[in-house]
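Okay, so here's the structure we're looking at.
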Amino acid sequence: MQENDSIRRAIRAQAVSIGLALAPFGLAFGALCAEAGISMWEALGFSALVFAGSSQFAAVSVLADDGTVIAAITAGLLLNLRSLAFGVSLAPSLKGSFIWRACISQLMIDESTAVASSQSSVENRRYGYLWGGISVFVLWNLMTLIGVSVLSETESIISDFGIDATIPAAFLGLIWGRLKDSTHRATATIGALIALILIPITPAGIPVIAAAGAIIWVRPWKLKKGADNE
Amino acid sequence: MSDATIVILLLAAGTYCLKALGPIYFGNSRQLPIKFQEVALLLPTPLLAALVVTSAFSETSSLVFDARVVGLLAAAIALWKKLPFFIVVIIAAVATALWRLAFS
Chain A
1 MQENDSIRRA
11 IRAQAVSIGL
21 ALAPFGLAFG
31 ALCAEAGISM
41 WEALGFSALV
51 FAGSSQFAAV
61 SVLADDGTVI
71 AAITAGLLLN
81 LRSLAFGVSL
91 APSLKGSFIW
101 RACISQLMID
111 ESTAVASSQS
121 SVENRRYGYL
131 WGGISVFVLW
141 NLMTLIGVSV
151 LSETESIISD
161 FGIDATIPAA
171 FLGLIWGRLK
181 DSTHRATATI
191 GALIALILIP
201 ITPAGIPVIA
211 AAGAIIWVRP
221 WKLKKGADNE
Chain B
1001 MSDATIVILL
1011 LAAGTYCLKA
1021 LGPIYFGNSR
1031 QLPIKFQEVA
1041 LLLPTPLLAA
1051 LVVTSAFSET
1061 SSLVFDARVV
1071 GLLAAAIALW
1081 KKLPFFIVVI
1091 IAAVATALWR
1101 LAFS
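As you go down the protein sequences, you meet chains A and B in turn.
The first sequence begins at 1 in my numbering and counts up one residue at a time.
The second sequence begins at 1001 in my numbering and counts up one residue at a time.
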């Protein structure tokens, strides 16, 4: 089992570094909450209960721009539809009692899925999922707390230190890897254009939701030439 | 209850359902239609692209081009240079802060 020990050590290192990489993003989320006038407990509520980075950002961005509750929730949920796909793909590696599965489902995020998916055995996938998820959960909530409490002291800190610019930068960082693929690049461009056009003419939140329409253009369901599809 | 609290509770409930459906309902035997999986995996791309645009160029429902644009450009260059995520975010903040210091 010597070999498996070193695999597991590598998994733990990966999990912790991914958690640390997200630290500034967590800080930025806390800052965004402070900017939007959201309290410390609410900010932690987002990070612990919702626990889905891009959904949290989307929902709070909509609220910060005076968008409606419905628009904030819709934007958040649309961004998180992918965790349904992650969950389905990881389900075979996450067996256990009903209660156990119900508890660990909260850790279903991009990073835990990424750490799990890099492993080949079912046991190591599960190990990677748990380490990735818990590492991000702890650091994410800690950084949210620091962001919201430290940065809410003086509002000018946010603009003086350019912290408001970390949010678009973080979103760009999150899709950057996807842009290597031409389908994703096309979808991203169309989505960005839809948002740009709609910002001045629709209420906040709508531009982001409407950008989902970009996939109608790309039609991902036509990409894979299946048996039923010609 | 504040708007934020309502959003937290409903979004948390909805998000949890999306997260848990896989592990709780789908095992080896059950599978989501492949077309749905493709859509679900592609969907974040246009949404995140739209969030880049709205968080960089908007201020309460109007188009605004301010120092955040500089930060975004700096971040794009940093990403293109394959710098780590952590550094990219810091570069964006520093570039924006310096621009504001110099020009406002």
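Cβ atoms here follow ideal geometry from the backbone N, Cα and C, with glycine treated the same way.
Buried or exposed by the 16-neighbour rule on C-beta atoms within 10 Å, applied to residue i
i	result
K1082(B)	exposed
M108(A)	buried
A13(A)	exposed
G226(A)	A caution first: G226(A) carries a pLDDT of 41, below 50, which makes its placement in the model too unreliable to give a value.
D110(A)	buried
Y1025(B)	exposed
For residue i, the three-state DSSP class (helix, strand or coil)
i	result
A227(A)	With a pLDDT of 38 at A227(A), under the threshold of 50, the modelled position of that residue is not reliable, and no figure is offered here.
L63(A)	helix
L44(A)	helix
N141(A)	helix
P1044(B)	helix
F86(A)	helix
A212(A)	coil
F161(A)	coil
G37(A)	coil
I199(A)	coil
D181(A)	coil
T1054(B)	helix
Q119(A)	coil
G1022(B)	helix
A28(A)	helix
P1033(B)	coil
T68(A)	coil
R9(A)	helix
G76(A)	helix
P92(A)	helix
F57(A)	helix
R1100(B)	helix
Residues sharing a beta bridge with residue i, DSSP
i	result
S1062(B)	E1059(B)
Nearest-angstrom Cβ-Cβ length linking residue i and residue j, presumed shorter than 8 Å
i	j	result
G132(A)	G26(A)	Between G26(A) and G132(A) the Cβ distance is about 15 Å, and since that is not below 8 Å, they are no contact.
A43(A)	G30(A)	6 Å
F51(A)	Q106(A)	6 Å
A1075(B)	A211(A)	With a Cβ gap of about 20 Å, A1075(B) and A211(A) do not count as contacting.
V1052(B)	A192(A)	7 Å
L1041(B)	A85(A)	5 Å
C103(A)	V60(A)	Not a contact, Cβ separation roughly 26 Å.
Option nearest residue i by Cα separation, candidates the options
i	options	result
F1085(B)	D181(A), L198(A), G177(A)	G177(A)
S83(A)	S54(A), G67(A), I215(A), A72(A)	S54(A)
I209(A)	A1050(B), A1004(B), Y1025(B)	A1050(B)
A15(A)	E3(A), Q119(A), L198(A), L94(A)	Q119(A)
F161(A)	L1047(B), L1079(B), A1097(B)	A1097(B)
V1069(B)	S1055(B), L1079(B), S1061(B), W1080(B)	S1055(B)
A116(A)	W100(A), I134(A), C103(A)	I134(A)
L1021(B)	I11(A), A64(A), G19(A), G87(A)	G87(A)
V218(A)	S93(A), V150(A), A102(A), T187(A)	T187(A)
L179(A)	L1010(B), P1044(B), A1012(B)	P1044(B)
T113(A)	S97(A), S89(A), I99(A)	S89(A)
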